[in-house]
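J.: Have a look at this one.
Residue numbers (full-length UniProt numbering): 1 to 198.
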């Protein structure tokens, strides 16, 4: 059989996006015609796990639950996407969300995607995601975006792009400072610049 596409692996660490992996795996299974009712889909899922996620799959799950894709999917979502049962994980993700800032060389679209992804992961309401996006921008850019009173995150991104175009993205340039010339060097410099006497 011709190899059609690959699916990324999932480790189960806090920086891994379980919802994104599950969505990608479902597309992979559909593309490779892996059905819910046979063991091939569960076996393929198992092969795409590593680290703590693989340990989770191998240890606490009963053999009976491993036979059903639907059971595996529910257990996976409970373990890796539902933060209500994992308050420490939710706190950590919340802290990351609350401290996200636009990096010096980071593209606005990338920052927008990060905010949106973390907000969706934490089930934040739209107004909180919008506020976090604006707060993560540099001061002058954030002021420009707030002044436009964006109705949603998409409008805020558009305003931020306009602010960047207008030069409101703070860029700090280092001033080149040279050590002061010694008297001897200054004297030589002044003499060389003086016009010859006629």
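Quick reminder that beta carbons are idealized off the backbone N, C-alpha and C, glycines included.
Residue 113: buried (16+ other C-beta within 10 angstroms of its C-beta) or exposed?
T.: Taking the first residue of the chain shown as position 1, residue 113 is located at position 113. The residue is exposed, with fewer than 16 neighbouring Cβ atoms inside 10 Å.
J.: Which of the three DSSP states is assigned to residue 10 in this structure?
T.: Here residue 10 corresponds to residue number 10 of the chain shown, with the count starting at 1. Residue 10 falls in the strand class under three-state DSSP.
J.: Which residues does DSSP list as the beta-bridge partners of residue 49?
T.: Translated into positions along the chain shown, residue 49 becomes position 49. 10, per the DSSP bridge assignment.
J.: Taking DSSP as the reference, what is the three-state secondary structure of residue 114?
T.: Here the question's residue 114 lines up with position 114 in the chain shown. Looking at residue 114 - three-state DSSP - the assignment turns out to be helix.
J.: How is the alpha helix (DSSP H) around residue 78 delimited, first residue to last?
T.: Residue 78 sits at position 78 when you count from the first residue of the chain shown. Unbroken alpha helix (DSSP H) run through residue 78: 69-80.
J.: Apart from the five residues on each side of it in sequence, which residues of its chain come closer than 6 Å, Cβ to Cβ, to residue 44?
T.: Position 44 of the chain shown holds residue 44. 34.
J.: Excluding the 5 residues flanking residue 81 on each side, which residues of the same chain have their C-beta closer than 7 Å to its C-beta?
T.: For this step, residue 81 is matched to residue 81 along the chain shown. The answer, listed in chain order, is 18, 19.
J.: So, helix, strand or coil for residue 32, using DSSP?
T.: What you label residue 32 is simply residue 32 of the chain shown in a count that begins at 1. Residue 32 falls in the coil class under three-state DSSP.
J.: What are the start and end residues of the alpha helix (DSSP H) that includes residue 146?
T.: Taking the chain shown and counting its residues from 1, one reaches residue 146 at position 146. Looking at the DSSP string, the run of the alpha helix (DSSP H) that includes residue 146 is 139-147.
J.: Using CA atoms only, rank isn't needed, just tell me which of 128, 54, 158, 41 is closest to residue 9.
T.: Reading the chain shown from its first residue, position 9 is the one you call residue 9. The shortest Cα separation from residue 9 among 128, 54, 158, 41 belongs to 54.
J.: Just the Cα atoms here: how many angstroms apart are residue 139 and residue 30?
T.: Locating residue 139 in the chain shown gives position 139, where the first residue counts as 1. Locating residue 30 in the chain shown gives position 30, where the first residue counts as 1. One C-alpha to the other measures close to 46 Å.
J.: Please list, in chain order, all residues of the same chain as residue 159 whose beta carbon is under 6 Å from its beta carbon, the five residues on each side excluded.
T.: Sequence index remark: in the chain shown, residue 159 carries index 159 (1-based). These residues qualify, in order along the chain: 145, 148, 150.
J.: What is the rounded straight-line gap between the Cα of residue 121 and the Cα of residue 15?
T.: The sequence position of residue 121 within the chain shown is 121, counting from 1. The sequence position of residue 15 within the chain shown is 15, counting from 1. Going from the Cα of residue 121 to the Cα of residue 15 covers about 11 Å.
J.: Does at least one heavy atom of the ligand GDP sit under 7 Å from the Cβ of residue 31?
T.: As far as ligands go, the structure on display features none, and thus does not contain the ligand GDP.
J.: For the segment 128-137 and the segment 92-105, state whether three or more C-beta atom pairs, one from each stretch, are separated by less than 8 Å.
T.: They touch, by the three-pair rule.
J.: State buried or exposed for residue 198, treating a residue as buried only when at least 16 other CB atoms are found within 10 Å of its CB.
T.: As a working mapping, residue 198 is identified with position 198 in the chain shown. The predicted model places residue 198 with a pLDDT of 48, which falls under 50 and marks its position as unreliable, so this point remains unresolved.
J.: Please check the pair residue 57 and residue 49, which I expect to be a contact at CB under 8 Å, by giving their CB distance rounded to whole angstroms.
T.: The count along the chain shown starts at 1 and reaches residue 57 at position 57. The count along the chain shown starts at 1 and reaches residue 49 at position 49. Indeed, because the Cβ distance is near 5 Å, the residues count as touching under 8 Å.
J.: Here's the rule: buried if 16 or more other CB atoms are within 10 angstroms of the residue's CB, otherwise exposed. What is residue 25?
T.: What you label residue 25 is simply residue 25 of the chain shown in a count that begins at 1. Label assigned to residue 25: buried.
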